[in-house]
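Below is one structure, written out as structure tokens; comments come after it.
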Amino acid sequence: DLDWFVMRCLEKDRERRYGTAHELADDVRRHLRQEPVVARPPHTLYRARKFIARNRLACASAAAVALALIIGTIVSVRQAVRATRAETLALQQREQAEALLTFMLGDFRTELKKVGKLELMDSIGVQAMAYFAALDPRSLTDTALNRQARALTQIGETRLEQARYTEASEAFATAYARASALVARHPRNADMLFERAQVEFWTGVVARRRGDLPTASAWLTRYRDSAAGLVALEGKTLRAQRELTSGLHNLAVLDLDRGRLAEARAGLLAERVALEEMLSLHPPTSPLRFRLSDVESWLGNVAEQSGRFEEMRTHFGAAADGVAALAAAEPAVAHWQLRLAETRVLQGHALQLVGRLGDAAEPRAAARALLEQLVAQDPQNRQWLVALLRLGLHEIAARLVQRELAAAPVLAETRDRLATLV
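Start counting the sequence shown at 17; every next residue gets the next number (the numbering used here).
Right, here's the structure in full:
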């Protein structure tokens, strides 16, 4: 019972946890009264054990009669029972460990990401990778395969955010083997297809970060096709639509990488229309709202490369406004503060390109204040330090354009910061 109490408290799905501390207390009281508890499945055998515990004397008499009938059998099956119990116990312990690991790499990792503390997951990721590598996917149940595919994908995401691309690729490759095995077993199961699609997406992202555009295109095309398959299986659900628009976005970004500006712009505009439709039909969650701002930022990049600087300024301004609303609504989430600083830098860059040099200083100053505040909280956070470095490069460029001698101190500061990161 105590194990089940703990596992119910740690359930990833909120609907399956105890609703209040009072509900947990009631379950503990049931345990103390030798009554069946709510936390575990109501199996007949379990209820029988509880009944016996509450009615020991009556059951003892019946047991004495039964014992005379089965005592001869006990000797012959004792070893088999011991082996079965040991195997069952080992399986239960592994499932409990993997469930806890999934929680650590899922909900717990999400909270750490909000405050920029993903390095705390390093030791968990190393141990999890070693554990999963020792298991044969062919011998695992569907539940174990699914749980491991998720955990490995989350490990890969953490490595990717730390720019550890080789280790990220290893985690994603192992996750893909698990996820593909599940899809092969259940080709009509949308959840299995969804998990495999996530691995395809992140594998493509790693390839793009490394500059390997052909490999990135192959994996992101697979992801887009899996997303289309998800729509075919479950219809236009929020999950399926979100994945399909993401698939279109990735291929548009690759078009931009290859200099195919017209195709990139068309793909991003189509994505914006789809996102606006989703926001009108579903609750406006923070991730969905951020994606709309992110599309504006990418459209700004396309406009800049096309030489349409006023259009670029409009898109970057819209992106900054969208992220500013998220940061105001969730001020404790460091991720939004970082994204707001990045969009402010782009906003200043756009103002400079259209000749509004004086106005460009204000969003850059706002970005510096945000980033310096983040770095003060955690001077070792690589992502925040890199963002501050990029801001320094924009500031140097702005001062050189205006032929300001004050660029020299900023240049020296940025050079030292870059040397430290290298």
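Even glycine gets a Cβ: it sits at the ideal position worked out from N, Cα and C.
Buried or exposed for residue i, please, with buried defined as at least 16 other CB atoms from any protein chain shown within 10 angstroms of its CB.
i: residue 379; result: buried
i: residue 52; result: buried
i: residue 424; result: exposed
i: residue 173; result: buried
i: residue 296; result: exposed
i: residue 38; result: exposed
i: residue 274; result: exposed
i: residue 35; result: exposed
i: residue 289; result: exposed
i: residue 225; result: exposed
i: residue 331; result: buried
i: residue 30; result: exposed
i: residue 410; result: buried
i: residue 164; result: buried
i: residue 397; result: buried
i: residue 166; result: buried
i: residue 316; result: buried
i: residue 9; result: Residue 9 is absent from the structure shown; the chain starts at 17 and stops at 438.
i: residue 416; result: exposed
i: residue 216; result: buried
i: residue 61; result: exposed
i: residue 293; result: exposed
Is residue i helix, strand or coil when you go by DSSP?
i: residue 219; result: helix
i: residue 170; result: helix
i: residue 346; result: coil
i: residue 383; result: helix
i: residue 124; result: With a pLDDT of 49 at residue 124, under the threshold of 50, the predicted position of this residue should be treated as unreliable, and no value is reported.
i: residue 431; result: helix
i: residue 28; result: coil
i: residue 205; result: coil
i: residue 69; result: helix
i: residue 179; result: coil
i: residue 131; result: For residue 131, the predicted structure reports a pLDDT of 49, less than 50, and the residue's modelled location is therefore unreliable. A value from the coordinates is still provided. Residue state, collapsed to three classes: coil.
i: residue 396; result: coil
i: residue 192; result: helix
i: residue 228; result: coil
i: residue 212; result: helix
i: residue 157; result: coil
i: residue 274; result: coil
i: residue 239; result: helix
i: residue 163; result: helix
i: residue 62; result: helix
i: residue 360; result: helix
i: residue 324; result: coil
i: residue 329; result: helix
i: residue 17; result: coil
i: residue 199; result: helix
i: residue 247; result: helix
i: residue 33; result: coil
i: residue 371; result: coil
i: residue 438; result: coil
Starting from residue i, trace the alpha helix (DSSP H) both ways and give me its first and last residue.
i: residue 44; result: 37 to 48
i: residue 251; result: Looking at the DSSP string, residue 251 is not in any alpha helix (DSSP H), and its letter there is neither H nor E.
i: residue 55; result: That residue, residue 55, is in no alpha helix (DSSP H); it is neither H nor E in DSSP.
i: residue 313; result: 302 to 321
i: residue 281; result: 277 to 297
Should residue i be flagged as near chain D, meaning a C-beta pair shorter than 8 angstroms?
i: residue 278; result: Checking the listed chains, one finds no chain D in this structure; it contains a single protein chain.
Next on the checklist: For the structure I just gave you, are there three or more beta carbon pairs, one from the stretch 240 to 248 and one from the stretch 202 to 213, closer than 8 angstroms?
Outcome noted: Contact between the stretch 240 to 248 and the stretch 202 to 213 is present: three or more C-beta pairs spanning the two stretches fall below 8 angstroms.
Contact between the stretch 250 to 267 and the stretch 279 to 294 (3+ Cβ pairs under 8 angstroms) | Touching, yes.
Within 8 angstroms, do at least three Cβ pairs link the stretch 55 to 71 to the stretch 17 to 25? The answer is yes - the stretch 55 to 71 touches the stretch 17 to 25, with three or more Cβ pairs under 8 angstroms.
Check your understanding: Any contact of the stretch 331 to 342 with the stretch 300 to 314, i.e. 3+ C-beta pairs under 8 angstroms?
Key -> Remark: three or more beta-carbon pairs, one from each stretch, lie closer than 8 angstroms, so the stretch 331 to 342 and the stretch 300 to 314 are flagged as touching.
Mind the definition here: the stretch 175 to 183 touches the stretch 195 to 207 only if three or more C-beta pairs lie below 8 angstroms; say whether that holds.
-> In short, these stretches do not touch, since the Cβ pair count stays below three.
Within the chosen definition, does the stretch 316 to 334 reach the stretch 357 to 367 through at least 3 CB pairs nearer than 8 angstroms?
The stretch 316 to 334, when compared against the stretch 357 to 367, does touch it at the 8 angstroms Cβ threshold.
Report yes or no: do the stretch 353 to 360 and the stretch 377 to 393 share at least 3 C-beta pairs separated by less than 8 angstroms?
Cβ pair count under 8 angstroms is three or more, so yes.
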